[in-house]
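Chemist:
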Amino acid sequence: MLTRRCLTFSDPQALPDGPVLRREVLEQNLLASQLLEAARSNAESILAQARRQSAQLADEAREQARAEVWRQADALLNEWQQQRQQMWTDIIASAETLVSEAMQCLLGETVQPERIKPLLRQLAAAQPSDEAGVLHCHPAELDAVSHHLQTTQALWSVRADPQLPPDSLCLRTALGDFSLSWGALVAQVWPLPQVPAQSVR
23 MLTRRCLTFS DPQALPDGPV LRREVLEQNL LASQLLEAAR SNAESILAQA RRQSAQLADE
83 AREQARAEVW RQADALLNEW QQQRQQMWTD IIASAETLVS EAMQCLLGET VQPERIKPLL
143 RQLAAAQPSD EAGVLHCHPA ELDAVSHHLQ TTQALWSVRA DPQLPPDSLC LRTALGDFSL
203 SWGALVAQVW PLPQVPAQSV R
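The opening position of the sequence shown corresponds to residue 23 in the working numbering, with each subsequent residue numbered one higher.
(1) Under 7 angstroms Cβ to Cβ from L207, same chain only, skipping five residues before and after it: list those, please.
(2) What is the residue span of the alpha helix (DSSP H) that L171 lies within?
(3) Identify the residues that DSSP records as bridge partners of R194: which are they?
(4) Assuming E153 and L177 make a contact with CB atoms under 8 angstroms, what is their CB distance in whole Å?
(5) Give a yes or no on contact between the segment 157-174 and the segment 188-199, applying the rule of three or more CB pairs nearer than 8 angstroms.
(6) Is the beta carbon of L164 sitting closer than 9 angstroms to the one on A182?
(7) The beta strand (DSSP E) with A182 in it runs from where to where?
(8) Under the rule that 16 or more other beta-carbon atoms within 10 Å means buried, what is I138, buried or exposed?
(9) If we call anything under 9 angstroms between Cβ atoms a contact, is F200 one with A162?
(10) Label W204 either buried or exposed according to how many other C-beta atoms from any shown protein chain fall within 10 Å of its C-beta, with 16 as the threshold for buried.
(11) For A65 and Q103, what's the separation of their Cα atoms in angstroms?
(12) Report buried or exposed for L202, applying the criterion of at least 16 other Cβ atoms within 10 angstroms of its Cβ.
(13) Residues in its own chain within less than 7 angstroms of A72 by CB, not counting five upstream and five downstream?
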């Protein structure tokens with residue numbers, strides 16, 4: 023029984039002129055077909071690998087760009103936070119200076135007769151109530167000190183001392199001498215903030 027088969031040659035010029043195909047021609051055509059198929063498969067593999075590498079490089083580039091954007095955003099945010107913190111620090115320092123200067127001005131405007139009472143109150147609070155002593159003051163303030171001393175429970179006698187400056191008291195007891203002035207009391211109650219020295223550039 024005869025069977026008809028079709029053969030496809032990769033090179034039509036390889037067909038013989040006669041009706042008979044030689045074995046060498048068939049083998050060469052088969053080898054050429056195999057080589058062509060292997061080359062096509064290899065090319066498709068190389069192309070697929072190139073596509074994968076291209077996609078990977080694109081992903082890496084996107085990740086690097088995203089990381090760079092976040093890095094720059096973090097740097098800007100940190101700088102903004104530092105500037106904001108410095109701004110609030112400056113505002114607080116300015117406010118404290120203004121309040122301190124205002125309090126210093128108000129305390130400085132207290133008239134002399136009114137300064138004796140808080141001085142006596144501070145000395146009495148720092149000494150035992152049953153401790154006897156001699157309270158020295160400027161002669162011009164002797165009456166005011168004697169008057170305000172009656173409002174305390176201290177067992178002190180009053181003596182004028184021309185060596186003491188105005189608005190100053192000195193209590194002498196068995197425990198020692200205790201001095202207090204209006205300026206020291208104001209500085210203790212509401213001290214002026216220390217202004218940092220500016221660096222010279």
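Glycine residues also receive a C-beta, built at the ideal position from the N, C-alpha and C atoms.
Modeler: From the atom records:
(1) Once the five neighbours on either side are set aside, the close Cβ partners of L207 are P140, L141 and Q144.
(2) Residues L164 to L171.
(3) Answer is V156 and D199.
(4) The beta-carbon distance between E153 and L177, rounded to whole angstroms, is 7 angstroms. This is short enough to meet the 8 angstroms contact definition.
(5) Cβ pair count under 8 angstroms is three or more, so yes.
(6) Cβ atoms of L164 and A182: closer than 9 angstroms.
(7) A182 -> beta strand (DSSP E) spans W178 to A182.
(8) With 16 or more Cβ atoms within 10 Å of its Cβ, I138 is classed as buried.
(9) Not in contact: F200 and A162 (Cβ atoms no closer than 9 angstroms).
(10) Sixteen is the threshold: when 16 or more other Cβ atoms of the shown chains lie within 10 Å of the Cβ of W204, as they do, the residue is buried.
(11) The straight-line gap from Cα to Cα measures roughly 56 angstroms.
(12) Per the 10 Å Cβ criterion, buried.
(13) Within the same chain, and ignoring the five residues on either side of A72 in sequence, no residue has its Cβ closer than 7 angstroms to its Cβ.
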